[in-house]
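A.B. asks:
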Amino acid sequence: MQIAVEPTPSRTTPQITATPEDAAREALYAQYKVIRRNGSVVSFEPAKVAIAMTKAFIAVNGG
Numbered sequence: 000m001q002i003a004v005e006p007t008p009s010r011t012t013p014q015i016t017a018t019p020e021d022a023a024r025e026a027l028y029a030q031y032k033v034i035r036r037n038g039s040v041v042s043f044e045p046a047k048v049a050i051a052m053t054k055a056f057i058a059v060n061g062g
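Just so we're aligned, residue 0 is where the sequence shown starts under numbering that gives the first Met the number 0, counting upward by one.
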């Protein structure tokens with residue numbers, strides 16, 4: 000008895016390249032600091048705010 004199996008193509012993760020706009024955006028927010036609940040001071044990250052807003056929207060509207 001033989002089983003024929005076709006090889007599946009491997010998935011590669013897309014490479015993210017930084018653009019000058021990304022560097023400018025990071026420089027814009029570099030001066031802002033956030034005090035976390037545990038008291039640590041970290042730099043502001045807009046992506047974290049976007050994720051939190053998305054999660055809150057899904058929680059309220061039942062996604």
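Cβ atoms here follow ideal geometry from the backbone N, Cα and C, with glycine treated the same way.
All of these numbers come straight from a predicted model, not from anything done at the bench.
Rounded to the nearest angstrom, what separates G38 and A26 at their Cα positions?
C.D. replies: Linking G38 to A26 through their CA atoms gives a straight-line distance of about 24 angstroms.
A.B. asks: Would you kindly work out how many angstroms separate the C-alpha atoms of A55 and I2, rounded to a whole number?
C.D. replies: 49 angstroms
A.B. asks: Out of V59, P19, T18, F43, point me to the one whose CA is closest to Q32's CA.
C.D. replies: Checking the sequence, you will find Lys at residue 32 rather than Gln. The shortest C-alpha separation from K32 is found at F43.
A.B. asks: Who does V40 pair with in a DSSP beta bridge?
C.D. replies: I34
A.B. asks: Let's see if you can read the secondary structure: which residues bound the alpha helix (DSSP H) around T53?
C.D. replies: Looking at the DSSP string, the run of the alpha helix (DSSP H) that includes T53 is 45 to 60.
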